[in-house]
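Asker: In case it helps, our numbering puts the sequence shown at residues 440 to 726. Cβ atoms here follow ideal geometry from the backbone N, Cα and C, with glycine treated the same way.
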Amino acid sequence: MRILLISGISGSGKSVALNVVEDAGFYCVDNLPPSLLPELVKTLISEGIQSAAMAIDSRSAHLLTSLPDTVQTLRAEGHEVKILFLTASTESLVARFSETRRSHPLSHRLQKDQPMGDRLSLTECIQEEREILATIQFLAHVIDTSNLSANKLREWVKNIIQIQHSPLTLMFESFAFKIGVPLDADFVFDVRMLPNPYYDLQLRPLTGRDQPVIHFLDEQAMVQELYRDIQQFIEKWLPNFKHDNRSYLTVAIGCTGGQHRSVFMVEKLAEYFEDKEQVLVRHRRLG
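As structure tokens, then:
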């Protein structure tokens, strides 16, 4: 059975992700207590359902410690289990809660060091939720939804549910340093020292996917040297992540605007590794 567990920080887009997989034909359950997962899987199989998605979040905090073992058991039984974790910067989350005027799920908890009953602030709720869900995040494919449109999130979730079952998925992601380093990155490489096509007026409106920009960067010896260094670094350390039973590894490449150099490098690395690993590509700043 295909099982997708969706978790993450409140306000990061879990509802959007759950709607996407429901539209893709998955049987969906929101706010499932993790202890009920094995029995639910058995029930769904008996009903002939082969794809299911369950949203699990901090509302089941006291039950989350058993989730890693449950996932391992389900995989040992032959089920394909993927975990998707959505997160965002605290600033983005605060802005979203302010816009919707909704309260955080943990907002009714009392501060531990305030016996008189002062409630947690929104920022404190977000920080506590990060700590509660840290174990799940380590096991999951992480998407940082900060400054990410709902349409792009839908696109990325669709890509995740379409990939074939693989021991490890290698994600290459381009981003703009002027916007900020994505929270979902395991490794971050800075390519801002490379010659910038932006200063060529003919190349400025193009991207690192366009042939004129590719030709411009391919001719630079510094670009080729940095590409080889990053490629060799990933090849050297990738086996260790597989040995650690990691399901996902995200390599983020950043330049100033996230349009030319980082996009070029991501595409070049993805092309090299796609014959060796399960590869996905993301470009945060491209439409």
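1) Along the chain, which unbroken stretches of the alpha helix (DSSP H) at least 4 residues long are found entirely within the segment 480–543?
2) Under a Cβ-count criterion, where at least 16 other Cβ atoms within 10 Å of its own Cβ denotes burial, should glycine 559 be classed as buried or exposed?
3) Checking 8 Å against the spacing of the C-beta atoms, do glycine 693 and valine 652 come in under that value?
4) Where lysine 591 and lysine 597 are concerned, what is the direct C-alpha to C-alpha distance, given to the nearest angstrom?
5) Assuming contact is defined by CB atoms lying nearer than 8 Å, are threonine 574 and glutamine 717 in contact in what I supplied?
6) Tell me whether serine 531 is buried or exposed, calling it buried when 16 or more other Cβ atoms sit within 10 Å of its Cβ.
7) Taking three-plus beta-carbon pairs below 8 Å as touching, is the segment 573–587 in contact with the segment 611–627?
8) Throw me the rounded Cβ distance for the arginine 700 and leucine 656 pair, which I believe falls under 8 Å.
9) In whole angstroms, what is the alpha-carbon distance linking asparagine 684 and tyrosine 638?
10) Where does methionine 610 sit, in a helix, a strand or coil, going by DSSP?
11) In whole angstroms, what is the alpha-carbon distance linking glutamine 601 and phenylalanine 672?
12) Of all the beta strand (DSSP E) runs that stay within the bounds of the segment 625–666, which reach a length of 3 or more residues?
13) If you drop the 5 nearest sequence neighbours on each side, which residues of the same chain put their C-beta closer than 6 Å to that of methionine 704?
14) Starting from serine 446 and walking both ways along the beta strand (DSSP E), at which residues does that stretch end?
15) Should histidine 654 be labelled buried (16 or more other beta-carbon atoms within 10 Å of its own) or exposed?
16) Bridge partners for histidine 717 per DSSP, in chain order?
17) Just mark phenylalanine 611 as buried or exposed, buried being the case when its beta carbon has 16 or more other beta carbons within 10 Å.
18) What residue range does the beta strand (DSSP E) around leucine 725 cover?
19) Hey, could you find the ends of the beta strand (DSSP E) aspartate 583 is sitting in?
20) Going by alpha carbons, who is nearest to leucine 725 out of Tyr666, Glu706, Thr646, Ile484?
21) Compute the Euclidean distance between the alpha carbons of leucine 503 and aspartate 496, then round it to the nearest angstrom.
22) List the whole-angstrom C-beta distance separating arginine 593 from valine 459, where the pair is believed to meet the contact cut-off of C-beta under 8 Å.
23) Look up threonine 562 in the DSSP assignment and say whether it is helix, strand or coil.
24) Counting Cβ pairs, one atom from each stretch, are 3 or more of them under 8 Å apart for the segment 441–449 and the segment 521–528?
25) Where arginine 667 and alanine 660 are concerned, what is the direct C-alpha to C-alpha distance, given to the nearest angstrom?
26) So, with DSSP's three-state summary, where would you put isoleucine 620?
27) Please look up how many angstroms separate the CB atoms of glutamate 570 and leucine 545, rounded, as I've assumed it's under 8 Å.
Answerer: Based on what the coordinates show:
1) Within the segment 480–543, the complete alpha helix (DSSP H) runs of at least 4 residues are 506–515, 529–539.
2) Looking up residue 559 in the sequence shown gives position 120. It should be noted that the sequence gives leucine, not glycine, for residue 559. The residue in question, leucine 559, is buried, as its Cβ has 16 or more Cβ neighbours within 10 Å.
3) The residue labelled residue 693 in the question sits at position 254 within the sequence shown. The residue labelled residue 652 in the question sits at position 213 within the sequence shown. Not in contact: glycine 693 and valine 652 (Cβ atoms no closer than 8 Å).
4) Counted from its first residue, the sequence shown places residue 591 at position 152. Counted from its first residue, the sequence shown places residue 597 at position 158. Approximately 10 Å, taken between the alpha carbons.
5) Counting from one through the sequence shown, the residue named residue 574 turns up at place 135. Counting from one through the sequence shown, the residue named residue 717 turns up at place 278. No.
6) Along the sequence shown, one-based indexing puts residue 531 at 92. So serine 531 ends up on the buried side.
7) Flag = yes, the segment 573–587 and the segment 611–627 touch.
8) The sequence position of residue 700 within the sequence shown is 261, counting from 1. The sequence position of residue 656 within the sequence shown is 217, counting from 1. So it is a contact: roughly 7 Å between Cβ atoms.
9) Here residue 684 refers to the residue found at position 245 of the sequence shown. Here residue 638 refers to the residue found at position 199 of the sequence shown. Pairing asparagine 684 with tyrosine 638, the inter-Cα distance amounts to about 44 Å.
10) Here residue 610 is taken as the residue at index 171 of the sequence shown, counted from 1. Residue state, collapsed to three classes: strand.
11) Position 162 of the sequence shown, counted from the first residue, corresponds to residue 601. Position 233 of the sequence shown, counted from the first residue, corresponds to residue 672. Between glutamine 601 and phenylalanine 672, the C-alpha separation is close to 28 Å.
12) 626–629
13) On the sequence shown, position 265 is the one that residue 704 refers to. Here the set comprises Val630, Ile692.
14) Within the sequence shown, the letter at position 7 stands for residue 446. Start and end: 441–447.
15) Looking up residue 654 in the sequence shown gives position 215. Under this definition histidine 654 is an exposed residue.
16) Within the sequence shown, residue 717 is the residue found at index 278, counting from 1. In the sequence as presented, histidine is not what sits at residue 717; that position holds glutamine. Answer is Thr608, bridged to glutamine 717.
17) Translated into positions along the sequence shown, residue 611 becomes position 172. Buried: at least 16 other Cβ atoms inside 10 Å.
18) Counting from one through the sequence shown, the residue named residue 725 turns up at place 286. Here leucine 725 belongs to no beta strand (DSSP E), and DSSP marks it neither H nor E.
19) Numbered from 1 along the sequence shown, position 144 holds the residue referred to as residue 583. Taken as a continuous stretch (DSSP letters only), the beta strand (DSSP E) holding aspartate 583 covers 580–583.
20) Sequence index remark: in the sequence shown, residue 725 carries index 286 (1-based). Out of Tyr666, Glu706, Thr646, Ile484, Thr646 has the C-alpha closest to the C-alpha of leucine 725.
21) Sequence index remark: in the sequence shown, residue 503 carries index 64 (1-based). Sequence index remark: in the sequence shown, residue 496 carries index 57 (1-based). About 8 Å.
22) Here the question's residue 593 lines up with position 154 in the sequence shown. Here the question's residue 459 lines up with position 20 in the sequence shown. Yes, arginine 593 and valine 459 are in contact; Cβ-Cβ is about 5 Å, under 8 Å.
23) Reading the sequence shown from its first residue, position 123 is the one you call residue 562. Reduced to three states, the DSSP call for threonine 562 is helix.
24) yes
25) Mapped onto the sequence shown, residue 667 falls at position 228. Mapped onto the sequence shown, residue 660 falls at position 221. Whole-angstrom Cα-Cα distance: 11 Å.
26) Mapped onto the sequence shown, residue 620 falls at position 181. According to the sequence provided, residue 620 is valine. The question's isoleucine does not apply to it. Valine 620: coil per DSSP, three-state reduction.
27) Taking the sequence shown and counting its residues from 1, one reaches residue 570 at position 131. Taking the sequence shown and counting its residues from 1, one reaches residue 545 at position 106. Not confirmed; about 11 Å, so no contact.
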